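Peer 1: Take this structure first; my questions come after.
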Amino acid sequence: MRSLCFVFISAVVLMGCQRPEGDVSKLTIELPAGLNDSQKVGAFAAWPTGKKFCYGVNVTGDGIETETDACSPALGTRIGFTDQSSVSLEVRKGTGRQVDVYVYVAAVSEACPVLGKSPDIDRRKIYLVGSKSRVDMSKDETKLDLFVTYPGDNAHIAAQLSMPAVCLAGGSTPMGSGARLSLGVGHFKDSNYEMNVRVNAVKALQ
-12 MRSLCFVFIS
-2 AVVLMGCQRP
8 EGDVSKLTIE
18 LPAGLNDSQK
28 VGAFAAWPTG
38 KKFCYGVNVT
48 GDGIETETDA
58 CSPALGTRIG
68 FTDQSSVSLE
78 VRKGTGRQVD
88 VYVYVAAVSE
98 ACPVLGKSPD
108 IDRRKIYLVG
118 SKSRVDMSKD
128 ETKLDLFVTY
138 PGDNAHIAAQ
148 LSMPAVCLAG
158 GSTPMGSGAR
168 LSLGVGHFKD
178 SNYEMNVRVN
188 AVKALQ
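Under the working numbering, read the sequence shown as residues -12 to 193, first letter to last.
Given below as structure tokens:
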């Protein structure tokens, strides 16, 4: 049996002393610098082995400027891709927010690309692994629980969004035997806050 990996993300809010300009909120997210191959394998769909995983977060909603075209999902306030242990993101305060988490599956020696509309990004390496809609980010504290799963090797955004061939840069689709990654996300909101996120991966019995 393959090992099953569950990842739990917990968040703690630290209230800031001043409201940032433009009524935005600062999120400081701590992520693992890397996971070993055994922690990337689950029971349902396996993450590709021998790869680096770069994460990106995209937030859209009323009052957030959004960019759209045929070669990308709707892009709002975003951060990534990154495999670093800490990232920061400022999000405009509001309700009805859409939070999307993407992963870019890279070669170990490959640099994480920028989450955006660059024609050099191979869209066949990008996967939408989690979403939460109608998120209220206007209250003093709002908790968001987000369940995140790896959709499988062929469910990259190029296929999910039916992108035309002109959008596909060079590169091969990462192959693997499938896996499911589960994450629990804690998210708290105020007009000015830091969100510290730690990821703990636990292997199930073989």
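Yeah, the Cβ is synthetic: ideal placement off N, Cα and C, and Gly gets one too.
What you are looking at is a predicted structure, and each value in this text was computed from that prediction instead of being measured.
In whole angstroms, give me the CA-to-CA distance for Asn141 and Gln147.
Peer 2: As a position in the sequence shown, residue 141 is number 154, starting the count at 1. As a position in the sequence shown, residue 147 is number 160, starting the count at 1. Rounded to the nearest angstrom, the two C-alpha atoms are 9 Å apart.
Peer 1: Answer yes or no: do Tyr91 and Gly43 have a C-beta to C-beta separation smaller than 8 Å?
Peer 2: Residue numbering aside, residue 91 sits at position 104 when the sequence shown is read from its first letter. Residue numbering aside, residue 43 sits at position 56 when the sequence shown is read from its first letter. Cβ atoms of Tyr91 and Gly43: closer than 8 Å.
Peer 1: Drop a sphere of 10 angstroms on the beta-carbon of Asp56, count the other beta-carbons inside from all chains shown, and report buried for 16 or more, exposed for fewer.
Peer 2: On the sequence shown, position 69 is the one that residue 56 refers to. Counting Cβ neighbours within 10 Å, Asp56 comes out exposed, since fewer than 16 surround it.
Peer 1: Regarding Val116 and the ligand NAP, is the C-beta to nearest heavy atom distance less than 7 Å?
Peer 2: Inclusion of the ligand NAP in the displayed structure is not the case, the ligand content being empty and no account of it being possible.
Peer 1: Got a sec, what are the start and stop residues for the beta strand (DSSP E) Ala61 sits in?
Peer 2: One-based indexing of the sequence shown puts residue 61 at position 74. Residues 59 to 62.
Peer 1: Using the Cβ count rule (16 or more neighbours within 10 Å means buried), how would you classify Val95?
Peer 2: Against the sequence shown, residue 95 aligns to sequence position 108. Answer is exposed; the Cβ neighbour count stays below 16.
Peer 1: Taking the alpha-carbon positions, what's the Val116 to Asp10 distance?
Peer 2: As a working mapping, residue 116 is identified with position 129 in the sequence shown. As a working mapping, residue 10 is identified with position 23 in the sequence shown. Using only the alpha carbons, I get a separation of about 29 Å.
Peer 1: Between Glu97 and the rest of its own chain, which residues show a CB-CB distance below 8 Å, the 5 nearest in sequence each way excluded?
Peer 2: Counting from one through the sequence shown, the residue named residue 97 turns up at place 110. Once the five neighbours on either side are set aside, the close Cβ partners of Glu97 are Lys39.
Peer 1: Within the stretch 91 to 152, note down every full alpha helix (DSSP H) run reaching 4 residues or more, in order along the chain.
Peer 2: With a minimum length of 4 residues, the continuous alpha helix (DSSP H) runs that stay inside the stretch 91 to 152 are 144 to 147.
Peer 1: Mark Ser200 as exposed unless 16 or more other C-beta atoms lie within 10 angstroms of its C-beta, in which case mark it buried.
Peer 2: Within the shown structure, residues of the chain are numbered from -12 to 193, placing residue 200 beyond reach of any answer.
Peer 1: Measure the C-alpha to C-alpha separation of Asp49 and Asp87 and round it to an integer number of angstroms.
Peer 2: Here residue 49 refers to the residue found at position 62 when the sequence shown is read from its first residue. Here residue 87 refers to the residue found at position 100 when the sequence shown is read from its first residue. Distance between the alpha carbons of Asp49 and Asp87 is about 15 Å.
Peer 1: Go through its chain and collect everything with a Cβ distance to Thr53's Cβ below 6 Å, but skip five positions before and after it.
Peer 2: In the sequence shown, residue 53 corresponds to position 66, counting from 1. Cβ within range, chain order: Thr47, Ala61, Gly63.
Peer 1: Given a threshold of 16 other Cβ atoms within 10 Å of its Cβ, counted over all protein chains shown, does Arg79 qualify as buried or as exposed?
Peer 2: Residue 79 sits at position 92 when you count from the first residue of the sequence shown. Burial call: buried.
Peer 1: How is the beta strand (DSSP E) around Lys39 delimited, first residue to last?
Peer 2: As a working mapping, residue 39 is identified with position 52 in the sequence shown. That run of the beta strand (DSSP E) goes 38 to 47.
Peer 1: Between Gly81 and Ser125, which are expected to be in contact by the criterion C-beta below 8 Å, what is the C-beta distance as a whole number of angstroms?
Peer 2: Taking the first residue of the sequence shown as position 1, residue 81 is located at position 94. Taking the first residue of the sequence shown as position 1, residue 125 is located at position 138. At roughly 6 Å, the Cβ-Cβ gap stays under 8 Å, so Gly81 and Ser125 are in contact.
Peer 1: Under 8 Å by Cβ, that's how I've got Cys41 and Cys99 pegged, so tell me the actual separation to the nearest angstrom.
Peer 2: Along the sequence shown, read from residue 1 onward, the residue named residue 41 stands at position 54. Along the sequence shown, read from residue 1 onward, the residue named residue 99 stands at position 112. Contact holds; Cβ gap of about 4 Å.
Peer 1: To the nearest angstrom, how far is it from the Cα of Thr36 to the Cα of Ile51?
Peer 2: In the sequence shown, counting from the first residue as 1, residue 36 sits at position 49. In the sequence shown, counting from the first residue as 1, residue 51 sits at position 64. Rounded to whole angstroms, Thr36 to Ile51 spans 37 Å at the Cα level.
Peer 1: Along the beta strand (DSSP E) that carries Asp56, what are the first and last residues, could you check?
Peer 2: For this step, residue 56 is matched to residue 69 along the sequence shown. Here the beta strand (DSSP E) through Asp56 covers 54 to 56.
Peer 1: Let me know if Asp109 comes out buried or exposed under the rule of 16 or more other beta-carbons within 10 Å of its beta-carbon.
Peer 2: Taking the first residue of the sequence shown as 1, we reach residue 109 at position 122. That one is buried.
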